[in-house]
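Line order of the protein sequences matches chains A and B. According to the numbering used here, the first sequence is numbered sequentially starting from 1. According to the numbering used here, the second sequence is numbered sequentially starting from 1. First up is the structure itself, then whatever we jot down about it.
2 protein chains.
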Amino acid sequence: MKLYEQVASTVKDRIDLGYYHEGDKLPSVRGLSQEHGVSISTVQEAYGLLMDDGVIESRPKSGYYVLKHQEIPELPATSSPVPEPLVVAQWQKLKHIIEEYHNQVSTKLSLALPDTETATLKPLIRLITELSRTETSRILNYESAVGSAELCHQIARLAVDSGCRLHPDEIIITIGCQEALSCSLRAVTEPGDIVVVDSPSFFGSVQAIKINGVKALEIPTHPETGISLEALEMAFEQWPIRAVLLTPTNNNPLGYSMPDKHKIRLLALLKRYDIPLIEDDIYGDLNYTLPRPRTIKSFDTEGRVILCSSFSKSVAPGLRIGWVAPGRYREHIMMVKYLSSLSTPPLTQMALAEFIAQGYYEKHLRKMRINYQRDRDAVIGWLKRDMPEGTRISYPQGGYLLWVELPNEIDTNELDRRARLESISIAPGTLFSASGKYKNFMRISCVNSANPAIEKAITTLGRLCKEMQAQIPLAEPV
Amino acid sequence: MKLYEQVASTVKDRIDLGYYHEGDKLPSVRGLSQEHGVSISTVQEAYGLLMDDGVIESRPKSGYYVLKHQEIPELPATSSPVPEPLVVAQWQKLKHIIEEYHNQVSTKLSLALPDTETATLKPLIRLITELSRTETSRILNYESAVGSAELCHQIARLAVDSGCRLHPDEIIITIGCQEALSCSLRAVTEPGDIVVVDSPSFFGSVQAIKINGVKALEIPTHPETGISLEALEMAFEQWPIRAVLLTPTNNNPLGYSMPDKHKIRLLALLKRYDIPLIEDDIYGDLNYTLPRPRTIKSFDTEGRVILCSSFSKSVAPGLRIGWVAPGRYREHIMMVKYLSSLSTPPLTQMALAEFIAQGYYEKHLRKMRINYQRDRDAVIGWLKRDMPEGTRISYPQGGYLLWVELPNEIDTNELDRRARLESISIAPGTLFSASGKYKNFMRISCVNSANPAIEKAITTLGRLCKEMQAQIPLAEPV
């Protein structure tokens, strides 16, 4: 890392840790040059880099400021879940969401689907078509149980961006991130165990915990910095925790990214209590700014962290390609994967490996990062305009999901029911908790805000909320 | 069913049940006509049909005889496994087999891979290529969690051939049969439970039992009629059995198909003790003669049978497409499937649905049935010629796997080790038992016997057996 990059990185860290907020004035060029013992031009280069990355702005005759993206609404408060391990409920609700997918709802804000209409995916389609013609023998036969060697190689190469040094042999390809998480959970837990999760937490993880006969202990979680390490340590003291399962970067649904310092402290805690971490990094590559945040895995020297990810959110879910870097649990996770599905289909693995190798993946990501940041800002703007007073909204730095806290009296299960009658779906907050908390929260996707249906849907949701507040009964369907 | 088909079916049943053996003379045309009260020409048509199906032959001036395929060697004896539930071992050995697949072994008799070089699969490749171009939006997005509607429809249609009336909505598409079996097991068992299996038994099933924390109880099994129903009933009396897991048709590895009467009796037993059956029908469509045997599911009126299958053996394993008809366990199995891998990739589902709809599947099967029967006969001939005296060989009526019992003194783990040095692999018998029995057995594939490497490999195996019998030590690699 060059000197000016180091300086830029330090300033960026301070912004991330909250020393400087949006709109705050940054130290003068002279001040920073003295602090770091570097030249004026080095500081100027550092500030230039941060401007390129969209982190800061220069105001003429005044200095440098943390870029104010927009007037953002208040964030949801740190969560306060039930402080004991629970059997996860909510399957019926989730089933409802799954089944809806192929039903009549036209604006599915409930689902975390990436933009698959983008031109940057055309080369992927071309590769699938080509390889289906030229690699017939391979696509008809079993791929290696651990996955295609080329794809493992490309994933190891990409992992460098998150600070990880992985050998291709350390990677196992799975059917999406869900299989990676499911196999990891099965490998490190037994029925009756307790697993720690953040709160709110991704429903696919908490339900996978449930069907393993494992209980979930939810930990208070801050919408910017993530899981409370103090609460986590208390939990480690109090309960026989078997594993921790987190999405520490561009979290679903809350949007937080744990600062590196928290990630390092978490790892130290895990080491002290000898507990493995299942790290879900599925939205990591969709960070709006570069370099993308480091994975906790990247700080791990003991093989304690099981890193799970996929291309379902960054490329396309229909590929069903995920992966796990299982650390010291490789043998067991490989066995579970083999006995769950033998191996992952070869055609899409080969096409994706080529897509990455030929540079299309990075090109695609560049466009998606810009689009999704724009989508976030647009949808937040509409929510501010249309939702009832007191609404709080998460402010993610990557991905395309918003976590919205509505006034107490609004039950989002009822909101969802009313919305569906207008062909709109949301993901009700209760889905994201083992205990069915978050009754007045919802998760919505903001992908493709350029489509007028999205703005219209937000306006409709706002109207429905106000009808609910005014206790206007739902008209019976004619 | 027409009259002559009814008569043919009755004669076929009697042959299947063992009233007439190979080479036996069948009733005269006149005799049969009197017995059934049908015309002479109806019986002639019936015998004509059976000749077309390769079941019987006509000898000039003598009459009709059950076709003698060849002088077949003695079958292995009914198995006598350990009569108590066991934790399944043998994972290390299985891992060895899995890893070998992409290693240097050139003649892999160990693996159950179908012929994927056949011209009858060309339309499938063409469909994959075409659909990848025309259905881009669909292939990049999640398919319904239960699978593509078109494919479910085609599977329901095909199921009629095995006597099943399934509604497309009763079917869930999975990642191969392994995911179908794995999800079914997870849905009906809990750790500590006991599941009944045949013996020998497919290693993918017994290992899936193991990682669920369930114990396997192996039941004595006959190489022609399958699991002993008397022993099964005793087991039901003696142990708290949670489920039965069987491949009752063209069994892997033993090759048996349970006669319909046994299938019906088994179902009655299951009903009496209120136990579900997981029926693996993966080789059912590869029965050499038509109509293919009925599934146990086809006799089930209560939703007690969970029918699992896939296109991995009948079409191509690289598609990774299987399915389950979960009966009364639909809700739970759908949940487990969703939380294991969310959904199955859409492209191959769509292509396979079209492949079946356009009649290519049935055309492909017609060719494969003939080829695999020819392969079976060729490989049995070479085994008879080359293997030590006392060798017994299974005589499957479908599929492409042989179960070979060698003289007691031959340990097939050692045989496999020696064979690998000559670039040949076999599946050692111990893989097929929870307790590591069948030390002097092996399973071999007989696919593609037209390739001279197969005959050569059998000759090599024969030589290695004789060297082992003569206690010639293995030469150390130079």
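Glycine included, each C-beta is placed from N, C-alpha and C at the ideal position.
Self-check item: Length of the line joining the Cα atoms of residue 120 (chain A) and residue 358 (chain A)
Solution: 13 Å
Quiz prompt | Backbone secondary structure at residue 282 (chain B) - three-state DSSP | solution = coil
Quiz item: Can at least three beta-carbon pairs, one atom from the stretch 126-138 of chain A and one from the stretch 259-276 of chain A, be found at a separation below 8 Å?
Solution: no
Practice problem: Look at residue 486 (chain B) and residue 37 (chain B) and say whether their C-beta atoms are less than 7 Å apart. | Solution: Residue 486 (chain B) lies beyond the range of chain B shown here (1 to 478); nothing can be said about it.
Quiz item: Using a C-beta cutoff of 7 Å, does residue 48 (chain A) count as contacting chain B?
Solution: no
Exercise. Could you name the residues of chain A that residue 113 (chain B) contacts, counting a contact when the two beta carbons are closer than 9 Å?
Key: 141 and 142
Quiz item: Expressed to the nearest angstrom, what Euclidean distance is found between the alpha-carbon atoms of residue 209 (chain B) and residue 203 (chain B)?
Solution: 10 Å
Quiz item: Looking only at DSSP bridge pairs, what is residue 221 (chain A) linked to?
Solution: A:227
Exercise. Return the residue from the list B:35, B:26 and B:74 that minimises the CA-CA distance to residue 51 (chain B).
Key: B:26
Self-check item: Under 9 Å by beta carbon: chain E residues contacting residue 182 (chain B)
Solution: Going by chain labels, chain E is absent from the structure shown, which instead holds the protein chains A and B.
Exercise. Report back the beta-carbon spacing between residue 206 (chain A) and residue 434 (chain A) to the nearest angstrom; my notes put them in contact at under 8 Å.
Key: 6 Å
Quiz item: Should the stretch 82-97 of chain A be called in touch with the stretch 277-290 of chain A, which here means at least 3 C-beta pairs below 8 Å?
Solution: no
Practice problem: Could you give the DSSP three-state label for residue 13 (chain B): helix, strand or coil? | Solution: helix
Quiz item: Are the C-beta atoms of residue 178 (chain A) and some chain B residue less than 7 Å apart?
Solution: yes
Practice problem: Determine, using beta carbons only, whether residue 326 (chain A) comes closer than 7 Å to chain B. | Solution: no
Quiz item: Exposed or buried, what is residue 60 (chain A) when buried is set at 16 or more other beta-carbons lying within 10 Å of its beta-carbon?
Solution: exposed
Practice problem: Quick one: list the residues of chain A neighbouring residue 137 (chain B), beta-carbon separation under 8 Å, in chain order. | Solution: 116 and 117
Quiz item: Does DSSP put residue 287 (chain B) in a helix, a strand or coil?
Solution: strand
Quiz prompt | Cα-Cα separation between residue 310 (chain B) and residue 156 (chain B), rounded to whole angstroms | solution = 13 Å
Quiz prompt | Stretch-stretch touch, CB-based, cutoff 8 Å, three pairs: the stretch 368-382 of chain A with the stretch 418-428 of chain A | solution = no
Self-check item: 7 Å CB neighbourhood of residue 192 (chain B) in its chain, flanking five on each side removed
Solution: 213
Self-check item: Alpha-carbon to alpha-carbon, residue 394 (chain B) and residue 75 (chain B)
Solution: 5 Å
Quiz prompt | chain B contact for residue 434 (chain A) (CB, 7 Å cutoff) | solution = no
Exercise. For residue 336 (chain A), go through chain B and note every residue whose CB falls closer than 7 Å to its CB, in chain order.
Key: 211
Quiz item: At a Cβ threshold of 7 Å, is residue 317 (chain B) touching chain A?
Solution: yes
Quiz item: Are any of the Cβ atoms in chain A nearer than 7 Å to that of residue 296 (chain B)?
Solution: no
Quiz prompt | CB contact check: residue 129 (chain A) to chain B, cutoff 7 Å | solution = yes
Exercise. Measuring only between beta-carbons, confirm whether residue 478 (chain A) sits less than 7 Å from chain B.
Key: With a pLDDT of 49 at residue 478 (chain A), under the threshold of 50, the predicted position of this residue should be treated as unreliable, though the coordinate-derived value follows. Answer no: the Cβ-Cβ gap between residue 478 (chain A) and chain B never drops below 7 Å.
Quiz item: Between residue 113 (chain A) and the ligand SAM, is the CB less than 6 Å from at least one heavy atom?
Solution: The model on display carries no ligand, and the ligand SAM is accordingly not part of it.
Self-check item: Which listed residue (B:296, B:241 and B:30) has its alpha carbon closest to that of residue 165 (chain B)
Solution: B:296
Exercise. Measure the Cβ-Cβ separation of residue 294 (chain A) and residue 162 (chain A) and say whether it is below 7 Å.
Key: yes
Quiz item: Measuring CA to CA, which of A:286, A:429, A:33 and A:5 is closest to residue 48 (chain A)?
Solution: A:5
Quiz item: How many Å lie between residue 390 (chain A) and residue 407 (chain A) at the Cα?
Solution: 6 Å
Self-check item: Proximal chain B residues relative to residue 420 (chain A), where beta-carbon distance stays under 7 Å
Solution: Those within 7 Å of residue 420 (chain A) in chain B number zero; the least Cβ separation is about 18 Å.
Quiz item: Which bits of chain A does residue 208 (chain B) rub up against, with CB to CB less than 9 Å?
Solution: 339 and 340
Quiz item: residue 121 (chain B) touches chain A at which residues, Cβ-Cβ below 9 Å?
Solution: 136 and 140
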